[in-house]
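Notes for the one structure printed next.
Residue numbers (this note's numbering): 1 to 347.
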């Protein structure tokens with residue numbers, strides 16, 4: 001009788017112990033383990049991250065990092081870490097957290113605007129994806145890539161079309177660059193290429209001209225008219241005489257693209273640079289900025305007119321006054337020069 005009691009007691013105790021262990025395992029796996037108040041929190045895991053790095057990132061977000069580690073070991077996550085950006089939801093349990101870190105890498109929206117140099121672009125992109133500015137800049141300037149994609153020192157800036165794109169956060173420099181080249185090739189579809197051919201230009205020349213249009217006017221509805229002026233000048237063999245190209249030539253010469261120049265001086269027009277369109281006829285060898293798609297399409301679909309000149313309209317800022325003759329242009333120019341002097345804009 002005593003032996004039976006001992007056996008029953010041992011069995012019950014065993015069941016209690018097993019139940020307790022099962023409860024602990026269940027609790028570790030399926031009980032909520034987050035401690036942030038927002039609906040979600042984002043975690044960024046680098047490509048070279050160790051499990052210790054992951055734990056460090058999660059430490060402020062979890063109630064019990066030890067239970068997370070135990071479940072991570074059980075599920076094999078500690079030897080199969082996936083880099084990327086992940087969203088943890090409030091009240092997630094360890095099982096859900098690990099499943100998220102395994103398979104729910106989120107894309108990020110990467111945007112850039114009208115950068116004047118690849119160095120500036122590298123800095124802008126490095127703020128949005130894992131790749132750092134140095135690796136991006138090196139990828140942009142890789143001689144093998146430039147040769148294979150038919151870009152050179154002057155035209156390479158035009159490969160990058162300002163827009164918003166989706167990438168995974170852990171995208172490396174070469175993958176970002178290669179994706180941008182695919183976007184460039186996709187942009188130059190049959191319709192656009194047919195227009196380029198009809199204009200007797202190349203895509204690089206269109207982008208270089210679009211960059212000037214971009215710099216000349218911030219008004220997208222005015223860009224086809226400005227593009228028409230420059231195309232009229234090209235057809236007549238005239239100098240483009242675009243002030244933004246002179247400003248760019250100065251920046252390129254000094255290497256300081258942060259220089260602010262609001263007024264081009266007569267002495268600037270003597271600068272010997274292929275980008276100085278007062279000194280060299282035709283389109284510059286490359287873009288002076290990354291033009292918007294609206295500027296490129298403005299060149300491909302210019303307004304048809306006889307204008308050859310334009311100057312800023314101080315009575316309607318952002319827009320310009322257009323002229324068909326130099327005499328008319330000089331009259332229009334007086335009001336702008338007077339306004340510059342009144343505002344004491346000397347440089």
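Where is the CB? At the ideal position from N, CA and C, for every residue including glycine.
- Residue 251 is classed as buried because its beta carbon has at least 16 other beta carbons within 10 Å across all chains shown.
- With a beta-carbon spacing of about 6 Å, residue 49 and residue 81 fall inside the 8 Å limit used to define contacts.
- For residue 278, same chain residues with a beta-carbon under 7 Å away, outside a window of 5 residues either side, are 239, 241, 246 and 269 in chain order.
- DSSP places residue 163 inside the beta strand (DSSP E), whose first and last residues are 163 to 168.
- Put simply, the backbone Cα of residue 55 is about 19 Å away from that of residue 106.
- Classified as exposed, residue 60 has fewer than 16 neighbouring CB atoms from the shown chains inside 10 Å of its CB.
- Per the DSSP secondary-structure output, residue 44 pairs in a beta bridge with 85.
- Note on geometry: alpha-carbon atoms of residue 87 and residue 209 lie some 43 Å from one another.
- Pairwise C-beta distances place the segment 185 to 203 out of contact with the segment 260 to 268, as fewer than three of them are shorter than 8 Å.
- Within the segment 127 to 190, the runs of alpha helix (DSSP H) at least 4 residues long that lie entirely inside it are, in chain order, 133 to 140, 143 to 148 and 173 to 187.
- Residue 67 counts as buried, since at least 16 other C-beta atoms from the protein chains shown sit within 10 angstroms of its C-beta.
- Taken atom to atom, the span from the alpha-carbon of residue 207 to that of residue 195 is near 13 Å.
- Listed in chain order, the non-local C-beta contacts of residue 136 below 8 Å within the same chain comprise 121, 122, 125, 126, 173, 176 and 177, local neighbours out to five positions each way being set aside.
- Bridge partners of residue 312 according to DSSP: 320.
- Annotation: residue 303 to residue 297 spans about 11 Å, alpha carbon to alpha carbon.
- Nearest to residue 286 by C-alpha distance, out of 205, 113, 149 and 132, is 205.
- Put simply, the backbone Cα of residue 215 is about 14 Å away from that of residue 229.
- Counting along the chain, the unbroken beta strand (DSSP E) around residue 111 starts and ends at 107 to 112.
- No Cβ-Cβ contact shorter than 8 Å links residue 336 with residue 322.
- If you look at residue 343, you'll find it isn't in any alpha helix (DSSP H); DSSP assigns it neither H nor E.
- From the listed residues 306, 253 and 312, the smallest Cα separation to residue 219 is found for 312.
- With a beta-carbon spacing of about 18 Å, residue 161 and residue 152 fall beyond the 8 Å limit used to define contacts.
- Only exposed fits residue 111, as fewer than 16 other CB atoms lie within 10 angstroms of its CB.
- The Cβ-Cβ distance between residue 34 and residue 91 falls below 8 Å.
- Under DSSP, residue 62 forms a beta bridge with 34.
- Our two residues, residue 317 and residue 339, have alpha carbons roughly 12 Å apart in a direct line.
- Taking C-beta atoms under 8 Å as the contact rule, residue 130 and residue 47 qualify, at a distance of about 6 Å.
- Relative to the Cα of residue 71, the nearest Cα in the group 83, 84, 101 and 197 belongs to 101.
- In this structure, residue 155 sits away from residue 181, with a CB-CB distance that is not shorter than 8 Å.
- Take the alpha-carbon of residue 334 and the one of residue 291: they are about 30 Å apart.
- Within the same chain, Cβ atoms closer than 7 Å to the Cβ of residue 119 are found at 137, the five residues on either side in sequence being excluded.
- The Cβ atoms of residue 114 and residue 259 lie no closer than 8 Å to each other.
- Between residue 256 and residue 307, the C-beta spacing is not below 8 Å.
- Taking residue 164 as the centre and dropping the five residues before and after it, the same chain places the C-beta of 109 and 111 closer than 6 Å to its C-beta, in chain order.
- Per the coordinates, the alpha-carbon of residue 243 lies some 19 Å from the alpha-carbon of residue 327.
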